[in-house]
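Set out below in structure tokens:
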């Protein structure tokens with residue numbers, strides 16, 4: 089559970105459960121108020137035991153009929169599982185169970201001897217999704233009832249970990265001089281070319297949901313902000329249905345002036361290294377909760393192995409050769425698909441960069457040098473991907489800062505430069521060389537948690553068939 093040592097009292101509780109569990113020795117004999125979900129309710133006749141759970145831990149509340157009003161005791165004893173309950177009482181150390189001679193003394197446990205209680209909200213029965221029971225339900229049912237699914241310890245731990253990843257990534261980028269920005273999500277034309285856009289009406293004007301903050305990051309850099317980053321949503325109207333694609337997703341995006349593709353690859357690997365280092369040092373308890381569930385299901389456990397720097401660089405040309413040597417069918421100029429990545433991942437199972445893709449396979453704003461050619465003479469770009477094993481994490485590269493080349497790139501991709509003057513005009517008044525990338529947050533979480541589907545680590549995912557809850 090999460091660290092709650094610095095949580096302040098509220099109108100409903102003087103302490104979190106975690107504060108009592110961790111500091112119970114100093115609280116024995118003191119009156120406290122706690123609130124949580126009723127995980128179990130046991131007892132008959134004159135006594136009742138309620139296992140309460142909040143976001144910080146579990147504690148037993150012990151109630152006796154003689155210690156409170158009859159109606160209150162009856163309500164407690166008949167409370168349904170997952171009802172929310174507030175109790176007030178005195179902290180006591182639980183009587184330890186009998187031990188075999190010579191066995192180590194178990195750590196002290198504490199409970200609350202209840203003097204008063206309030207049922208804040210009764211839970212309906214039956215629960216559509218089990219919280220503490222090992223009930224097999226499909227992912228769709230879990231997502232339909234995410235508000236209950238999230239109460240499961242390992243699911244809750246995943247999203248606490250997601251918050252930490254966002255925090256550690258943001259902290260690292262700020263430490264390297266990047267300023268946080270926010271780009272518009274309603275745009276007039278495609279950010280990256282192509283047709284994978286969600287159309288909408290903005291009052292009387294046709295518009296689209298943004299597929300990337302790309303162009304706006306660049307404009308901010310041209311304006312002199314030098315280094316910027318954004319953590320925000322993007323929307324892709326692609327009709328895919330895979331374990332790693334969604335139509336709305338959150339990404340880390342950066343852009344830096346006076347930087348090339350290698351410079352920003354270094355920023356990215358340092359940021360990922362920092363995230364992994366912080367999780368390993370501070371959040372192993374969350375990994376343990378996830379692994380406890382995996383153990384119960386017979387699944388492979390996850391470990392937080394801090395990756396070594398630098399990450400391997402495997403140029404597109406070298407990647408094609410690796411795939412061909414591994415028996416894969418691919419030619420220069422083809423996309424490197426997942427089954428090709430499996431062959432590369434056999435040699436490079438962790439994080440690795442795939443730089444210098446053919447220019448024809450990258451967006452119009454990617455930089456290229458005329459003299460950088462592939463084995464078959466095709467034009468190479470300064471675009472790159474980051475993969476973890478078979479899965480793509482990042483797309484990025486150095487950007488084209490020469491306005492005449494930008495406009496020709498647009499024409500080469502059957503786009504009209506006049507539709508992009510809001511973007512290209514910014515390059516007419518002196519543009520520094522610059523580079524950047526976008527990194528999917530959920531895909532990072534898949535690596536950290538061992539999740540087999542990106543929907544596991546997105547609270548309320550949006551795909552082709554899901555727009556609720």
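Numbering (our numbering), first residue to last: 89 to 557. From the three backbone atoms N, C-alpha and C, an ideal C-beta is built for every residue, glycine too.
_8 Å contact criterion, which residue 215 and residue 174 should meet: CB distance rounded_ = For the purposes of this step, residue 215 is identified with residue 127 of the chain shown, where counting begins at 1. For the purposes of this step, residue 174 is identified with residue 86 of the chain shown, where counting begins at 1. That pair is no contact at about 21 Å.
*Going by DSSP, name the residue or residues bridged to residue 146.*
Here residue 146 refers to the residue found at position 58 when the chain shown is read from its first residue. Answer by DSSP bridge pairing, in chain order: 141.
_Residues near residue 447 by beta carbon distance below 6 Å, same chain, minus five either side_ = Numbered from 1 along the chain shown, position 359 holds the residue referred to as residue 447. Closer than 6 Å at the Cβ level, and outside the excluded window around residue 447, lie 456, 467, 469.
_Within a Cβ cutoff of 8 Å, which residues of the same chain sit near residue 236, ignoring the five residues on either side of it in sequence?_
Here the question's residue 236 lines up with position 148 in the chain shown. So the qualifying residues of the chain are 170, 215, 216, 217, 219.
_Collapsed DSSP secondary structure at residue 94 in the structure displayed_ = To locate residue 94, count along the chain shown from 1; it is residue 6. Residue 94: coil per DSSP, three-state reduction.
*From what residue to what residue does the alpha helix (DSSP H) around residue 249 run?*
Your numbering for residue 249 matches position 161 in the chain shown. Following the DSSP letters along the chain, one finds residue 249 inside the alpha helix (DSSP H) bounded by residues 241-263.
*Would you identify the three-state DSSP class for residue 383, choosing helix, strand or coil?*
Here residue 383 refers to the residue found at position 295 when the chain shown is read from its first residue. Reduced to three states, the DSSP call for residue 383 is helix.
*Helix, strand or coil at residue 440 [DSSP, three-state]*: As a working mapping, residue 440 is identified with position 352 in the chain shown. Residue state, collapsed to three classes: strand.
*Roughly how many angstroms lie between the CA atoms of residue 252 and residue 389, to the nearest whole one?*
On the chain shown, position 164 is the one that residue 252 refers to. On the chain shown, position 301 is the one that residue 389 refers to. Computed Cα separation, rounded: 20 Å.
*Bounding residues of the alpha helix (DSSP H) (the contiguous stretch that carries residue 531)*: In the chain shown, counting from the first residue as 1, residue 531 sits at position 443. That run of the alpha helix (DSSP H) goes 529-537.
*What number of angstroms, rounded off, separates the C-alpha of residue 540 from the C-alpha of residue 482?*
Residue mapping note: residue 540 aligns to position 452 of the chain shown, counting from 1. Residue mapping note: residue 482 aligns to position 394 of the chain shown, counting from 1. Their Cα atoms are separated by approximately 18 Å.
*Rank 381, 100, 386, 498 by C-alpha distance to the C-alpha of residue 176 and give the top, closest one.*
Working through the chain shown from its first residue, we reach residue 176 at position 88. It is 100.
*At what residue ranges does the stretch 278-313 contain a whole run of the alpha helix (DSSP H), taking only runs of 4 or more?*
302-308
*Does the Cβ-Cβ distance between residue 104 and residue 144 come in under 7 Å?*
As a working note, residue 104 is residue 16 in the chain shown. As a working note, residue 144 is residue 56 in the chain shown. Yes, they are a contact pair.
*When you compare only the Cα positions, how much space is there between residue 545 and residue 153?*
Here the question's residue 545 lines up with position 457 in the chain shown. Here the question's residue 153 lines up with position 65 in the chain shown. If you take the alpha carbons of residue 545 and residue 153, they lie about 44 Å apart.
_For residue 476: DSSP bridge partner residues_ = As a first step, residue 476 must be located in the chain shown, where it is residue number 388. Per DSSP, 439, 479.
*Around the C-beta of residue 440, are 16 or more other C-beta atoms found within 10 angstroms, so that it is buried, or is it exposed?*
Against the chain shown, residue 440 aligns to sequence position 352. By the neighbour-count criterion, in which 16 or more other beta carbons inside 10 Å mark a residue as buried, residue 440 falls on the buried side.
*C-alpha distance - residue 261 paired with residue 194, whole-angstrom precision*: Taking the first residue of the chain shown as position 1, residue 261 is located at position 173. Taking the first residue of the chain shown as position 1, residue 194 is located at position 106. Roughly 44 Å between the two C-alpha positions.
*If you run the structure through DSSP and keep just helix, strand and coil, what is residue 233?*
Taking the first residue of the chain shown as 1, we reach residue 233 at position 145. Residue state, collapsed to three classes: coil.
*Where the beta strand (DSSP E) containing residue 337 begins and where it ends*: On the chain shown, residue 337 is found 249 positions in, with the first residue counted as 1. Taken as a continuous stretch (DSSP letters only), the beta strand (DSSP E) holding residue 337 covers 336-345.
*Figure out for me which residue from 486, 172, 266 has the closest Cα to the Cα of residue 211.*
On the chain shown, residue 211 is found 123 positions in, with the first residue counted as 1. The residue with the shortest Cα to Cα distance from residue 211 is 172.
*Going along the chain, which residues of its own chain have a beta-carbon closer than 7 Å to the beta-carbon of residue 352, five neighbours each way excluded?*
Taking the first residue of the chain shown as 1, we reach residue 352 at position 264. Excluding residues within five positions, the ones whose Cβ falls inside 7 Å are 342, 344, 484, 523, 524, 525.
*Name the DSSP beta bridge partners of residue 219, please?*
Counting from 1 along the chain shown, the entry for residue 219 is found at position 131. DSSP output for residue 219 lists no bridge partner at all.
_If the criterion is Cβ atoms closer than 7 Å, does the pair residue 465 and residue 445 meet it?_
Counting from one through the chain shown, the residue named residue 465 turns up at place 377. Counting from one through the chain shown, the residue named residue 445 turns up at place 357. No, these two residues do not count as a Cβ contact at 7 Å.
*Where residue 425 and residue 475 are concerned, what is the direct C-alpha to C-alpha distance, given to the nearest angstrom?*
As a position in the chain shown, residue 425 is number 337, starting the count at 1. As a position in the chain shown, residue 475 is number 387, starting the count at 1. Taking the straight line joining both Cα atoms gives about 12 Å.
*Determine the burial state of residue 294: buried for a count of at least 16 other Cβ atoms within 10 Å of its Cβ, exposed for fewer.*
Residue numbering aside, residue 294 sits at position 206 when the chain shown is read from its first letter. So residue 294 counts as exposed.
*Between the Cα of residue 288 and the Cα atoms of 300, 274, 299, which residue gives the shortest distance?*
The count along the chain shown starts at 1 and reaches residue 288 at position 200. Taking only the C-alpha atoms, the option nearest residue 288 is 274.
*Going by Cα to Cα distance, which pick from 277, 271, 183, 248 is closest to residue 506?*
As a position in the chain shown, residue 506 is number 418, starting the count at 1. Ranking 277, 271, 183, 248 by Cα distance to residue 506 puts 277 first.
*Consult DSSP for residue 556 and reduce its assignment to one of helix, strand or coil.*
For the purposes of this step, residue 556 is taken as residue 468 along the chain shown, with counting starting at 1. Reduced to three states, the DSSP call for residue 556 is coil.
_Nearest by alpha-carbon distance to residue 473: which of 95, 238, 459, 528 is it?_
In the chain shown, residue 473 corresponds to position 385, counting from 1. Closest by alpha carbon: 528.
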